[in-house]
Amino acid sequence: MIKQFNEFSTNAIFKIANEELLQTYSLSEQIGLFTFIWATDTPTEIEIDGVATTLKKNSIAVLTPTIFFRFIGGQNAIVYQFNREFYCIKDHDEEVSCMGILFYGNATSPIIELSKEEHHKLQLLHQVFLDELDTVDNIQAEMLRILMARFIITTTRLIKQQSNFKHMFDGQLNMIREFNVLVNSHFRKEHSVSFYAKKLFKSPKTLSNTFAKYKKSPLQIIHDRIILEAKRLLIYSDKPTKEIAYEIGFDDPSHLSRMFKKRTSLSPSEFRKNFNKDKKRIPNEQIDTFVDYLEKN
630 MIKQFNEFST NAIFKIANEE LLQTYSLSEQ IGLFTFIWAT DTPTEIEIDG VATTLKKNSI
690 AVLTPTIFFR FIGGQNAIVY QFNREFYCIK DHDEEVSCMG ILFYGNATSP IIELSKEEHH
750 KLQLLHQVFL DELDTVDNIQ AEMLRILMAR FIITTTRLIK QQSNFKHMFD GQLNMIREFN
810 VLVNSHFRKE HSVSFYAKKL FKSPKTLSNT FAKYKKSPLQ IIHDRIILEA KRLLIYSDKP
870 TKEIAYEIGF DDPSHLSRMF KKRTSLSPSE FRKNFNKDKK RIPNEQIDTF VDYLEKN
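Start counting at 1 in the sequence shown, then tack on 629, and there's your number in the numbering used here.
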């Protein structure tokens, strides 16, 4: 089952589906859309950025468009997908926007666990989604956006309760979110905490103190994002290590090699060699096009 809403005046796309949609991702590729995968009553096996993950029943995976994704197996999943044109006009509403903590609160894709009560509430909301997709009129688009806003508000509340965020004030949460957004935009060229602190009008010390309850330092988050991108390029492209190092901001490729080995216990070349050679590679020119897209957005 795949149902899709298109708004031609804005190029907005919104999809509701089950595992039939996931089956189109039989090989790892960039998922391209903001995506929620909800394992309802059975586990769902997926791969996120080359790492196999079991999504337990009554849990939801939150994926951003840059994620490399592969569906391994599972039944009775619920999938929501949308592009920026559908929902991200709400960027001004920071906490529940496409730049909110749900998508940019962590360096890794969050997984939300649902209680029976939460599962039931979201099932009711899902039925309203389905009904609205069958109701074609001039306010359908706005109704679908309202429903998605409600879904994102609900899951944002849950991720705040289930993560390191639960002991933080709203001001601290917002700073962490803003820091992650900035890192995602600038990590290819800027690797120092001082650059991001200046962007946030804070001192590096103030920034580090804010992250104390987060259990990751600002520098760790920067390095995590660099290593994630290096892994993506090593797995999904044929670019040599030296070119990858230059692409993510290292004048000396040995600096990336040292950081990579410290984080993974493998050199970049060893990591690539050890990874399953049957994984899908995408052409270098497609990688370059996507990098250009990220830098402009």
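C-beta atoms are modelled at their ideal positions from N, C-alpha and C, and glycine is treated no differently.
Note that the coordinates shown come from a computational prediction; the quantities given were computed from them, not determined experimentally.
{"Check": "Which whole-angstrom value is the C-beta distance of K929 and L650, which I expect to be below 8 Å?", "Outcome": "The structure shown does not extend to residue 929, since the chain is modelled only from 630 through 926, so no value can be given for it."}
{"Check": "So, helix, strand or coil for V708, using DSSP?", "Outcome": "strand"}
{"Check": "Tell me the DSSP secondary structure of V765 in three-state form.", "Outcome": "coil"}
{"Check": "What is the rounded straight-line gap between the Cα of R786 and the Cα of I642?", "Outcome": "25 Å"}
{"Check": "Would you kindly work out how many angstroms separate the C-alpha atoms of N903 and S883, rounded to a whole number?", "Outcome": "20 Å"}
{"Check": "Cutting at 7 Å between CB atoms, please list the residues of its own chain near E807, excluding the five before and the five after it.", "Outcome": "L829"}
{"Check": "For S688, which residues does DSSP report across the bridge?", "Outcome": "A668 and E742"}
{"Check": "Using only the alpha-carbon positions, how far apart do Q756 and Q633 sit?", "Outcome": "15 Å"}
{"Check": "Using only CA atoms, which one of F663, S894 and Q704 lies nearest to I675?", "Outcome": "Q704"}
{"Check": "Have a look at F697 and S657 and give me their C-alpha separation to the nearest angstrom.", "Outcome": "6 Å"}
{"Check": "Across which residues does DSSP place E636 in a beta bridge pair?", "Outcome": "A641"}
{"Check": "Cβ of I873 within 7 Å of any heavy atom in the ligand ADP?", "Outcome": "Inclusion of the ligand ADP in the displayed structure is not the case, the ligand content being empty and no account of it being possible."}
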